[in-house]
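First comes the structure, then the notes that go with it.
Residue numbers (the working numbering): 1195 to 1558.
This is the structure we're talking about:
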């Protein structure tokens, strides 16, 4: 295999990692789509010494996303603060102006938004902003970003400490350093030199079956539940849920809510003869399969046909790992993962892996 094809193949299976820079966290997935988002600000050494609070209140959160293609522009989004008390009249949707302030408090850049633009700013996709525009330049140099409503009333201040480094990380991951398309590390390189997106990895999944799931006899199911029941302090027997995976396999999910915020998910396969075995659950097809319990706080999405797992780092769920697995006919394989590596008030989880699925043609 040519080296460039080998590199592309490796890139398609890599699960991204998160990096924290001061009050920002950033990560990219296996398709070089990158996402940076704010964290609750931590005081500097100088602020600690003087007893001052951080310069930003972060009553709003801010995220910056960018796909890895040559023509893809960054997208900015304002979000409500997760751990703040809601206050009528102080919502991100009311924002009509953003002001970037430097460390000395002077305004280094400002951006005014129309009502339509403001609506896009708080939408799930955010608003597109030019990578070489004045706002990106201001964010790169600024210390805080302030939001104001259409009457000029102050709404929130967001820390920009660490955003410059986070944007530089995005440039490096997307091979934009030294290129005219870069956010921070801009140079003379032509846009056409940006590598194309890696081939999107996909797995074939069996077509859905109309057959009902196989049910275990009540006595066998009760014995299985008893085997995996919570110890002292838990909520007793695990809940049982079944789903038909394909023509010859049924999934049995036992969910044991054994801790304050993370339940244990035991996944089994039931054959047409009512035989039971642990379901193989893997990150990648040739990885070792997970041991029981394979998933955390799990549930089955019947519409998407995906097994979901959500491991919280703490009860507030502002850190943790979300995963989704698809059944390929033999095993459950990871098709999406989003992480939040810092317990600092953000639930804007960052996607670090994604994989498409396609339905396999039925056997004739």
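The C-beta atom is built at its ideal place from N, Cα and C for all residues, glycine as well. Since we're looking at a predicted model, the values are computed, not measured.
So the alpha helix (DSSP H) residue i belongs to, where does it begin and stop?
i            : result
residue 1329 : 1328-1335
residue 1414 : 1412-1421
residue 1377 : Element bounds for residue 1377: n/a, residue is neither H nor E.
residue 1282 : Looking at the DSSP string, residue 1282 is not in any alpha helix (DSSP H), and its letter there is neither H nor E.
residue 1311 : 1309-1315
Quick check on the burial criterion: 16 or more other C-beta atoms within 10 angstroms. Buried or exposed for residue i?
i            : result
residue 1368 : buried
residue 1352 : buried
residue 1306 : exposed
residue 1465 : exposed
residue 1279 : exposed
residue 1244 : exposed
residue 1341 : buried
residue 1460 : buried
residue 1196 : The predicted model places residue 1196 with a pLDDT of 37, which falls under 50 and marks its position as unreliable, so this point remains unresolved.
residue 1336 : buried
residue 1281 : exposed
residue 1398 : exposed
residue 1235 : buried
Which residue marks the beginning of the beta strand (DSSP E) containing residue i, and which one marks its end?
i            : result
residue 1363 : Run containing residue 1363: none in the beta strand (DSSP E); it sits in the alpha helix (DSSP H), 1357-1367.
residue 1551 : 1550-1553
residue 1338 : 1338-1342
residue 1244 : Per DSSP, residue 1244 belongs to no beta strand (DSSP E); it is in the alpha helix (DSSP H), 1239-1244.
residue 1491 : Run containing residue 1491: none; DSSP gives neither H nor E here.
residue 1260 : 1254-1260
residue 1228 : 1228-1232
residue 1458 : 1458-1464
residue 1292 : 1291-1295
residue 1353 : 1348-1353
Below 6 Å CB to CB, which residues in the same chain sit around residue i once its five sequence neighbours on both sides are set aside?
i            : result
residue 1215 : 1356, 1359, 1360
residue 1480 : none
residue 1503 : 1489, 1490, 1492, 1517
residue 1259 : 1229, 1269
residue 1522 : 1397, 1399
Roughly how far, in whole angstroms, is the beta-carbon of residue i from the beta-carbon of residue j, given that I think they are within contact range, below 8 Å?
i            : j            : result
residue 1270 : residue 1315 : 7 Å
residue 1212 : residue 1541 : About 14 Å separates the two Cβ atoms, so there is no contact after all.
residue 1447 : residue 1419 : Their Cβ separation, rounded to whole angstroms, is 12 Å, which puts residue 1447 and residue 1419 out of contact at 8 Å.
residue 1475 : residue 1483 : 6 Å
residue 1254 : residue 1350 : 4 Å
What residues in its chain sit with their C-beta under 7 Å from that of residue i, if we drop five residues either side in the sequence?
i            : result
residue 1415 : 1434
residue 1407 : 1436, 1437, 1438, 1444
residue 1378 : 1334, 1358, 1361, 1362, 1365
residue 1387 : 1373
residue 1468 : 1408, 1410
residue 1344 : 1290
Using a Cβ-Cβ cutoff of less than 8 Å, which residues in the same chain neighbour residue i once the five nearest sequence positions on both sides are dropped?
i            : result
residue 1473 : 1445, 1461, 1462, 1463, 1488, 1525, 1526
residue 1346 : 1291
residue 1302 : 1294, 1295, 1296, 1332, 1335, 1336
Open item on the list: Check whether the segment 1529-1549 and the segment 1504-1513 are in contact - that is, three or more C-beta pairs closer than 8 Å.
Closed with: yes
TODO: Would you be able to state if there are at least three C-beta pairs under 8 Å between the segment 1371-1388 and the segment 1228-1242?
DONE: These segments do not touch.
Open item on the list: Between the segment 1389-1404 and the segment 1543-1550, can you find at least three pairs of beta-carbon atoms closer than 8 Å?
Closed with: yes
TODO: Evaluate contact between the segment 1293-1301 and the segment 1265-1282, counting only Cβ atoms and requiring at least three cross-stretch pairs below 8 Å.
DONE: no
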